[in-house]
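A.B. asks: Numbering (my numbering), first residue to last: 29 to 304. Encoded as structure tokens, here's the structure I'll be asking about.
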């Protein structure tokens, strides 16, 4: 079989990424036998040379993970408003005329995942963490009509950045000290965007029935916080929910085929995690 169309995920570290599993499953489900999705370990310093050295034609686009979501922006010909708003591009598409365009599918992916679970609108919400995914979470919560968002952060500088982003997005953002993060779970919705283990202590502090939790980690799963919330009857979403929904949108951009095969991609992701 000859491969005529390629896509891949770029970032560092990248060995753990489920993106190849999801996208290749999508290609098979769509009957795109001449498509292939791979991975490349790249940091910010190597990204410009990598893009410049690509052979012309054949590349549909790239998924971008850390630390490249901001570093790629100066290398693009056009960036969507939603990606500029959160200063993060996770999807690079090669247009037919050769232009490189950048978009962010994390924001609509978060919205789609929450709506799939019946969360259409939230009066208020909380975000744990202040990195690139937290920025996407703020944008998603703004789309869901959150009147006020409290972000729990470790540093005054991060707090300032989150308040400024809230101003750009037109949503009221309050900031609180990270040590008080367990308080967030009492609200209607909390989005946790932190590394493995960062919220384990909050799981031990839960008292009342928590609101919905969207924990963007997917391995190991469940996190201690997700398990504690689920035990208390809360609606819990995990990183696979986000990963699948944003990957479906990427697949649609790369292939031009809509809708993307959500069920096939989710099943492939679940199977990969179950065997890991």
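The beta carbon of each residue, even a glycine, is placed where N, CA and C say it ideally should be. Here the structure is a predicted model, which means the values were calculated and not measured.
Going by the beta-carbon positions, is the gap between residue 37 and residue 91 smaller than 7 Å?
C.D. replies: yes
A.B. asks: Quick one: Cα of residue 69 to Cα of residue 236, how far?
C.D. replies: 43 Å
A.B. asks: Quick check: residue 193 and residue 217, are their CB atoms within less than 7 Å of each other?
C.D. replies: One thing to note: residue 193 has its Cβ no nearer than 7 Å to the Cβ of residue 217.
A.B. asks: Answer yes if the stretch 215-235 comes into contact with the stretch 86-103, meaning at least three C-beta pairs across the two stretches below 8 Å, and no otherwise.
C.D. replies: Judged by Cβ distances under 8 Å, the stretch 86-103 makes no contact with the stretch 215-235, as fewer than three pairs qualify.
A.B. asks: Taking only three categories from DSSP, how would you classify residue 58?
C.D. replies: coil
A.B. asks: Considering only the beta carbon of each residue, do residue 95 and residue 72 sit closer than 7 Å?
C.D. replies: yes
A.B. asks: Grouping DSSP H, G and I as helix and E and B as strand, with all else coil, what is residue 365?
C.D. replies: Any question about residue 365 goes unanswered here, given that the chain covers just 29 to 304.
A.B. asks: Using the Cα positions of residue 168 and residue 139, report the straight-line distance between them to the nearest angstrom.
C.D. replies: 6 Å
A.B. asks: Going by C-alpha to C-alpha distance, which of 250, 179, 164, 127 sits closest to residue 133?
C.D. replies: 164
A.B. asks: Take the Cβ of residue 227 as the centre, count every other Cβ of all protein chains shown within 10 Å, and call the residue buried at 16 or more, exposed below.
C.D. replies: buried
A.B. asks: Hey, residue 281 and residue 89 are a contact pair by Cβ (cut 8 Å); roughly how many whole angstroms apart?
C.D. replies: The pair is a contact, with the Cβ atoms about 7 Å apart (cut-off 8 Å).
A.B. asks: Mind checking which residues open and close the beta strand (DSSP E) that includes residue 119?
C.D. replies: 119-122
A.B. asks: Go ahead and pull the three-state DSSP assignment for residue 64.
C.D. replies: strand
A.B. asks: Taking 7 Å as the CB-CB cut-off, is residue 247 touching chain B?
C.D. replies: Looking for chain B here will not work: only one protein chain is present.
A.B. asks: From the DSSP output, read off the bridge partner residues of residue 91.
C.D. replies: 37, 119
A.B. asks: Taking the continuous alpha helix (DSSP H) assigned at residue 251, which residues delimit it?
C.D. replies: From DSSP, residue 251 is part of no alpha helix (DSSP H); its letter is neither H nor E.
A.B. asks: What residue range is occupied by the uninterrupted alpha helix (DSSP H) comprising residue 276?
C.D. replies: For residue 276, the enclosing alpha helix (DSSP H) covers residues 267-283.
A.B. asks: Over the uninterrupted beta strand (DSSP E) stretch that includes residue 153, give me the two end residues.
C.D. replies: 152-156
A.B. asks: Assign residue 243 to one of two classes, buried (16 or more other C-beta atoms within 10 Å of its C-beta) or exposed (fewer than that).
C.D. replies: buried
A.B. asks: Exposed or buried, residue 31, counting other C-beta atoms within 10 Å across all chains shown (16 or more means buried)?
C.D. replies: The residue in question, residue 31, is exposed, as its Cβ has fewer than 16 Cβ neighbours within 10 Å.
A.B. asks: Between the C-alpha atoms of residue 221 and residue 255, what's the straight-line distance to the nearest angstrom?
C.D. replies: 16 Å
A.B. asks: Hey, how far is the Cα of residue 304 from the Cα of residue 273?
C.D. replies: 21 Å
A.B. asks: On the criterion of 16 or more Cβ atoms from any shown chain inside 10 Å, does residue 184 qualify as buried, or is it exposed?
C.D. replies: exposed
A.B. asks: Quick one: what's got a C-beta closer than 7 Å to residue 300's C-beta in the same chain, skipping five residues either side?
C.D. replies: 46, 49
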